[in-house]
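In this text, residue positions in the sequence shown follow the UniProt record's numbering: the first is 1, and each later residue adds one. C-beta: ideal position from N, C-alpha, C; glycine also. In what follows, a single structure is set out as structure tokens and then discussed.
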Amino acid sequence: MAMSAMLSPSASPSGKRWSPKHQSDKTVEDLLTTFSQRFEQSPPKGKGKETSKSLCEQLEMLSLQKEPGHTVKDFLTTVMRKEGSASLPELMGTLSYQKAILRNEQERGFRRHEEQVRLLRSASAPALPVHPKPTVVSSTMPGSAAFSFGVPRHCKGKMKVPVLESRDPEYCHIPGGVPVPGVGQYNLSATVFPEALEMAGGPTGGWNYADHQVFMKEFEKSNRVASQGLFEHLYQGLPHISRLQITDHIRWAGEWELYQAKRQRKMDRYREERQATAGANATQKLPSKEDKEATREALQDEARKAKEKRMQRIDEN
Numbered sequence: 001m002a003m004s005a006m007l008s009p010s011a012s013p014s015g016k017r018w019s020p021k022h023q024s025d026k027t028v029e030d031l032l033t034t035f036s037q038r039f040e041q042s043p044p045k046g047k048g049k050e051t052s053k054s055l056c057e058q059l060e061m062l063s064l065q066k067e068p069g070h071t072v073k074d075f076l077t078t079v080m081r082k083e084g085s086a087s088l089p090e091l092m093g094t095l096s097y098q099k100a101i102l103r104n105e106q107e108r109g110f111r112r113h114e115e116q117v118r119l120l121r122s123a124s125a126p127a128l129p130v131h132p133k134p135t136v137v138s139s140t141m142p143g144s145a146a147f148s149f150g151v152p153r154h155c156k157g158k159m160k161v162p163v164l165e166s167r168d169p170e171y172c173h174i175p176g177g178v179p180v181p182g183v184g185q186y187n188l189s190a191t192v193f194p195e196a197l198e199m200a201g202g203p204t205g206g207w208n209y210a211d212h213q214v215f216m217k218e219f220e221k222s223n224r225v226a227s228q229g230l231f232e233h234l235y236q237g238l239p240h241i242s243r244l245q246i247t248d249h250i251r252w253a254g255e256w257e258l259y260q261a262k263r264q265r266k267m268d269r270y271r272e273e274r275q276a277t278a279g280a281n282a283t284q285k286l287p288s289k290e291d292k293e294a295t296r297e298a299l300q301d302e303a304r305k306a307k308e309k310r311m312q313r314i315d316e317n
């Protein structure tokens with residue numbers, strides 16, 4: 001009990017019962033000093049001499065006290081916690097100040113980086129954003145992940161021509177009665193063949209009909225040969241057209257003639273293949289019922305003769 005009286009804050013010099021409500025600040029400081037001094041680690045025990053108990057033993061004895069007013073909880077209630085020096089408004093002000101400093105540091109870093117980019121970039125180059133903000137792109141718009149790496153396009157026909165889909169920018173509703181192709185139609189320039197464009201300008205090569213007729217007339221007179229006389233006649237017959245345009249038109253005429261020849265060759269080859277296939281189908285006849293019966297009888301006769309020969313060899317042996 002002496003040890004518990006020494007450790008318990010309920011023991012007072014006057015011997016009266018102690019209550020935490022009547023404890024002063026000076027008494028609390030004395031109790032804290034006494035607690036720290038009494039619970040220091042004692043030196044090793046000597047033979048035949050009693051030494052003070054260790055810190056763990058003293059704490060264990062203090063924790064075993066069950067009498068009201070002598071427990072560890074009662075002692076801890078005497079320790080008055082020191083009030084915080086910084087209030088909530090002061091704390092929020094400090095955080096705001098730190099955030100402002102961090103923001104200023106980031107802005108200064110961005111300005112330094114922008115200055116370096118400006119010095120390295122050419123003066124005639126267009127201004128580019130130093131820190132572009134990422135934008136969210138819908139999956140129905142070109143450039144998005146679903147548009148670029150989504151489901152493969154639906155293709156139709158032997159040539160596997162891709163069709164227009166709802167994710168294409170051309171597949172949309174345009175007010176004013178403008179017709180828009182639907183699913184299954186495809187009018188994008190990326191898949192239009194050169195045959196449909198008619199060799200960049202059509203049969204006239206981009207010229208008006210009258211000028212093209214004058215050109216073709218002189219071209220036929222020169223036996224479709226780009227001679228010096230052809231150029232002289234064209235310079236006189238078409239004075240409003242530059243020599244460079246005339247040269248380009250002669251080059252186009254050669255390409256157009258080659259294109260027409262290839263096209264005609266493909267058409268002729270297609271017709272010949274179709275005619276050959278039709279002729280082969282017409283000459284090839286399916287076997288009739290009588291032919292099938294005759295073939296079956298012939299096979300049966302051969303099998304019967306083979307069986308008779310085997311039986312004869314067996315009898316001979």
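- Under the three-state reduction of DSSP, V117 is assigned to helix.
- When rounded, the separation of the alpha-carbon atoms in A278 and A306 is 43 Å.
- Separation of the CB atoms of H154 and V161 is rounded to 10 Å, and the pair is thereby denied contact status at 8 Å.
- In the three-state reduction of the DSSP assignment, K156 falls in the strand class, which pools E and B.
- For the pair A294 and E308, the Cα-to-Cα distance works out to about 21 Å.
- Residue pairing for P239: DSSP places it in no beta bridge.
- For the pair of segments examined, the segment 218-228 was found not to touch the segment 265-273: the number of CB pairs separated by less than 8 Å stays below three.
- Here G157 is exposed. Its C-beta has fewer than 16 other C-beta atoms within 10 Å.
- Contact between the segment 242-255 and the segment 201-218 is present, with at least three C-beta pairs closer than 8 Å.
- Between E218 and L230, the C-beta gap is smaller than 8 Å, which places the two residues in contact.
- Shortest Cα-Cα distance from D211 to any of W252, I314 and I241 involves I241.
- When rounded, the separation of the alpha-carbon atoms in L238 and W252 is 17 Å.
- Residue pairing by DSSP places V161 opposite K156 in a beta bridge.
- Here H113 is exposed: its Cβ has fewer than 16 other Cβ atoms, across all protein chains shown, within 10 Å.
- If you ignore the 5 residues before and after H233, its C-beta comes within less than 6 Å of the C-beta of E218, all in its own chain and listed in chain order.
- In this structure, the alpha-carbon of P68 lies about 49 Å from that of S96.
- DSSP, read as helix, strand or coil, puts A226 in coil.
- The C-alpha of P203 lies about 13 Å from the C-alpha of L258.
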